[in-house]
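In the working numbering, the protein residues as written are 1311 to 2085.
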Amino acid sequence: MSRRIAGRDTPRLDSVAKVSGRAGYAYDRSFPGMLHAKVLRSPHAHARIIRIDVEAARALDGVGAVITRDDFAGLDAVYGSFVKDEPVLATDRVRYIGDPVVAVAAVDERTALAALELVQVEYELLPAVATIEEALADGAPELFPEPPRGIVPDYGAGASGALRPVSNVSYEFRYETGPRDVWDEADHVFTDEFTFSRMNHYHLEPFVSVANADAGHIEVWSATQSPFPLRKELARMFALPENSVRVHAETVGGAFGAKHGPRAEPVAIRLSQLSGRPVRYCMTLEECLRTISQHSAVIRLTSAVCADGTFLARKSEVLLNAGAYSDASPLVVEKAGYRVPGPYRWLRIDSVCQGVLTNTVPAGAFRGFGGTQTTWASERQIDLIAQRLGVDPLELRLRNLKDLGEEFVPGETPFDADMRAGLELVAGAIGYRDRPRVPGRGMGVAIGMKDGGGVNKPARARVRVATSGDVYLESALVEMGQGGHTVLVQLVADTLGCALERVKYVAVDTDHSPFDQGTNASSGMAVMGKAVLEAATRVRDQVLEFAGEALGVPAAELTLHDWRVTRDGTAQPVLPLIMREFGGTGFEFSADGYFKPTLTHAAPLEAPCVFWEGGWAAAEVEVDVETGAVKVLQLVVSGDAGVIVNARGARGQEEGAAVQALGQALFEELRFEGPDLLNGEALLYRVPLAEDLPAVFRSITQEQGHGAGPLRTKGLGEGTMLPVAPAIAAAIADATGAQVTGLPMSPERVLDAIDAAVVGAPIAAETEVHSGVAM
């Protein structure tokens, strides 16, 4: 395949539409007679609902429908990945401040809000648990006294899962491999505990849905990453066949993992069914802050090492704060437990991860999910070990990194990236080895790694070529700012030898688009790209075979370019050949493509990953030892694209992830006082600004060339989210000797670490080893 277009710094195909305001979002969708929805949310963290009175609200002029728990009678109106426990509207009880209780549809939002003021809800307060420690304490109140509903995946070797193994634990994942007696060989066994803060996704476009539905049919326009899983879930919830549910997935204004599964859709649908009119439900930013979040975490690592720094074994206990409902927590629990080892050579791994239910905002998928939490802890402990052993942190990493082509764990895909090369690249870019020893200034490096492409994820695509040579690309990859449509169009244009302008990406619609599991796990290029390339290649071959028959020459001797077939330097337009064969109606060539990883239970997570997404970071900081304030002077990040298809898009993905990580490293978090969210408003929640960027901020996209996608590509966009915070923490330690173990690294937290280092507080006590088991 030639690369006339793929690999160039091609502008995004949707850039003009977006900057001019012509791009179509679910937010913009409107219909005649459309009603607008608003939701009454619980003011209590945990309470039993005694009575709901909505009669006055229903009687208000301009109100089209009011729904409560009673209006879902006979329907299975709960949802969640693996575990079904989150109701559309609260049933017997509310479980966090912000839990939806009543919804109203009215002629405008003002009237809907006025109707909500008339609703009366009587609660019986129940004791609440806000933290992991409170939820797991003996005698803690149970959030879900009833048995869980859900499934446990059919895991492969070494892995296992459990629904609600103990009270207030939604899901537990375990993984172990390697000989147990490796612990006996250790010269040192270190145990450290780390905390990870909780962020909001803060996508620009809020959760929004427009529904036009009746008892037998649902049509919904939604800001969703996963239109087909959403269709399936809505069909189950509303007791309809899937072919009676149609989901339009329009351009999405940012997601970062938040826009999987039902959000605004069920409320809009039920109000539409009962009012007989289209209903738009658009949440405010404050509602988004109280709908889904990232998982905070407490992570305890016990690692065995030799005196020379060789890694031997790691045991991990990861506790994720799942919030009030399970949502996608089981998936995040699984990935966090699996990704704890990082890209290092451990002979023994013993990992357990739990999603702990609390009376706080539910948590779900977030960019790099599971990998962000465990990379923070893993990389921080490596720096602690290096300090204890008197070894340079970079050298300790290089000594223990796995090689290109080495297995992550038995049965898993071998590493398709040179981890050492990436680490040396970023270290060299900031001058790590030659850094000046200036008081209060230091440098640090870190590495992140995650399995990419999803687990056993299938993808389909279709390419159609009209008589004119115009091309239609159909796939369910959702454009949400990552530039996925542009790179897939580039693949098609290169394969068919046509200009980018000839290829149209058809709007995503579950009634017409080929099936896909969703836009997630950096799978757009490596998974959907393979399906698209196969479809484009097959339709090109159809055209060449047709032209060969029409011209009486072997198809293998023809090439296709600009809707002409060429043989021995002589070009022949395809259009006259089509018209001669099919007449005035012309013809349309069409072909489908398909890709799915190989299913094998030799792999711990059901199927080997498609590719490994690496992220490398190096930082230089200046620390004010009097105040704990940290200024990042340099930040260099790098990911491996395998082969770059769109340089501008690759840079955007790498730098976007790094800036999100910079915010989490230094200041961004959802702050709770007990179960109360203190900064759940736009003016109170701090996100990175342009002025927060370091004076030197560089991204270097590598082309190591080992990817599994088309042209040997890999996915991007999550890898550089992983190593930024630990690289900054390592730089703080280099500057001051202080080891920060919690996020964000606020001045108060940094100052506490500096004070501890000054008075000689021990970093951590060494763990004893007995009978081959870390105690």
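Even glycine gets a Cβ: it sits at the ideal position worked out from N, Cα and C.
No Cβ-Cβ contact shorter than 8 Å links A1617 with W1656. Taking C-beta atoms as the reference points, G1488 and I1740 fail to come closer than 8 Å. If only uninterrupted beta strand (DSSP E) runs of at least 3 residues are considered, those enclosed by the segment 1831–1917 are 1869–1871, 1874–1877, 1880–1883, 1899–1905.
Annotation for W1686: F1506, A2035, P2036 place their beta carbon closer than 6 Å to its own, counting only its chain and skipping 5 residues before and after. Boundaries of the alpha helix (DSSP H) harbouring Y1648: 1639–1649, taken from the DSSP string. L1667 is bridged by DSSP to G1633.
Annotation: W1493 is outside any beta strand (DSSP E) and is labelled neither H nor E by DSSP.
Looking at the DSSP output, V1946 bridges to A1928, R2008. Taking S1778 as reference, the option from A1578, E1898, H1527, V1562 with the minimal CA-CA separation is E1898. Checking the DSSP bridge columns, you'll see C1919 has no partner listed. Cβ-Cβ separation between P2054 and F2007: approximately 19 Å, too far for a contact (criterion under 8 Å). For the set A1568, L1595, A1523, A1917, the Cα lying nearest the Cα of G1586 is the one of A1523.
Between the C-alpha atoms of V1671 and L2021 there is a straight-line separation of about 42 Å. V1476 and T1320 have their C-alpha atoms roughly 53 Å apart. Taking the C-beta atoms as reference points, F1500 is found nearer than 8 Å to R1698.
In this structure G2027 is not in contact with Q1974, their Cβ atoms being roughly 16 Å apart against a cut-off of 8 Å. Per the C-alpha coordinates, the member of L1980, P2004, D1986 positioned closest to R1996 is L1980.
Boundaries of the beta strand (DSSP E) harbouring V1773: 1769–1775, taken from the DSSP string.
Rounded to the nearest angstrom, the gap between the Cα atoms of A1333 and E1716 is 45 Å. Between the segment 1799–1814 and the segment 1930–1950 there are fewer than three inter-stretch CB-CB distances shorter than 8 Å, so the stretches are not counted as touching.
Between I2042 and V1935, the C-beta spacing is not below 8 Å. For D1319, no alpha helix (DSSP H) encloses it, and the DSSP letter there is neither H nor E. A contact is defined here as three or more CB-CB pairs under 8 Å, and the segment 1352–1367 fails this definition with respect to the segment 1571–1582. D1826 and F1892 have their alpha carbons spaced roughly 34 Å apart. Annotation: the segment 1400–1455 contains the following complete segments of the beta strand (DSSP E) (minimum length 3 residues), in chain order: 1410–1416, 1430–1435. Rounded to the nearest whole angstrom, the CA to CA distance from G2029 to D1950 is 9 Å.
Looking only at G1738, K1625, V1608, the smallest Cα-Cα distance to N1631 is reached by V1608.
When secondary structure is reduced to three states using DSSP, N1710 falls in the helix class. Between A1836 and T2023 a beta carbon distance of about 6 Å is seen, short of the 8 Å cut, so the two are scored as contacting. Closest in alpha carbon position to G1619, among I1695, A1881, R1556, is I1695. When rounded, the separation of the alpha-carbon atoms in V1520 and V1479 is 35 Å. For the segment 1504–1581, the continuous beta strand (DSSP E) assignments of 3+ residues that do not extend past its boundaries occur at 1518–1524, 1527–1532, 1555–1559, in sequence order. Under the 10 Å beta carbon count, E1844 is surrounded by 16 or more other beta carbons and is classified as buried.
Bridge pairing for S1661: Y1485, S1626 [DSSP]. Beta-bridge pairing by DSSP links H1346 to A1416, R1590. When the Cα atoms are used, Q1430 and I1359 turn out to be separated by approximately 11 Å.
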